[in-house]
């Protein structure tokens, strides 16, 4: 765990895809097909680029990959349709519910910070059961993971040093570190040997077996 100045955690902020639900492989397959069609990149190369740039908004990924500007919105819309279909098939694993429940019993609040689009996230009915706060990406305003989400949490009374962010990609962790937010890497909260929750409980002064 990395940290800025010392203070006890009050809020645990989670990435969504790849952290709470195991969707990244299916997303990568769908994105690779669309990117390959738009750019001529081989499918495997397009898939690798999507995963390398994961954590960012999809439109930012498309710009970085080199999708022509005039095609970006159309590709993004088609990908959003695919994501809705994929998300309808997924619910968090039992371990995810148990682990987040342990945080709540410790008195910690929970939130999700995702660059998944807000109109997609609003369709996921179980998010409100797991999280006290849901923060998503608005392509029109640019609001998304990082500083804009952090400002929303500050308005709700959370100092950055009281927030722990849990994510599975380098981008996820790097986007919050500059602001004094503690960060913890996960392999996915469904993984039996993942220790992210134990790390946070220890930092918060709670017993890991809670």
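In this note's numbering, the protein residues as written are 41 to 250.
Cβ atoms here follow ideal geometry from the backbone N, Cα and C, with glycine treated the same way.
In the DSSP assignment, the alpha helix (DSSP H) including residue 221 goes from what residue to what residue? Residue mapping note: residue 221 aligns to position 181 of the chain shown, counting from 1. Unbroken run through residue 221: none, as it is neither H nor E.
Exposure label - residue 49; buried when at least 16 CB within 10 Å: By 1-based counting over the chain shown, the position of residue 49 is 9. Under this definition residue 49 is a buried residue.
N-terminal and C-terminal residue of the alpha helix (DSSP H) that residue 246 is part of: Indexing the chain shown from 1 puts residue 246 at position 206. Element bounds for residue 246: n/a, residue is neither H nor E.
Inter-residue spacing [alpha-carbon to alpha-carbon] between residue 41 and residue 244: Position 1 of the chain shown, counting from 1, holds the residue named residue 41. Position 204 of the chain shown, counting from 1, holds the residue named residue 244. At residue 41, the pLDDT of 44 sits below 50, so the modelled position is not reliable; the number obtained from the coordinates is stated separately. Going from the Cα of residue 41 to the Cα of residue 244 covers about 12 Å.
Going straight from the alpha carbon of residue 242 to that of residue 73, what length do you get? As a working mapping, residue 242 is identified with position 202 in the chain shown. As a working mapping, residue 73 is identified with position 33 in the chain shown. Straight-line Cα distance between these residues: approximately 43 Å.
With DSSP as the reference, label residue 147 as helix, strand or coil. If you number the chain shown from 1, residue 147 lands on position 107. It is coil, neither helix nor strand.
Between which residues of its own chain and residue 44 is the CB-CB distance below 6 Å, once the five residues before and five after are set aside? Here residue 44 refers to the residue found at position 4 of the chain shown. Low confidence applies here, because residue 44 scores a pLDDT of 43, under 50, leaving its location unreliable; read the following figure in that light. Answer for residue 44: 201, 220, listed in chain order.
Beta strand (DSSP E) containing residue 203: first to last residue? In the chain shown, counting from the first residue as 1, residue 203 sits at position 163. In the DSSP assignment, residue 203 falls within the unbroken beta strand (DSSP E) covering 203-207.
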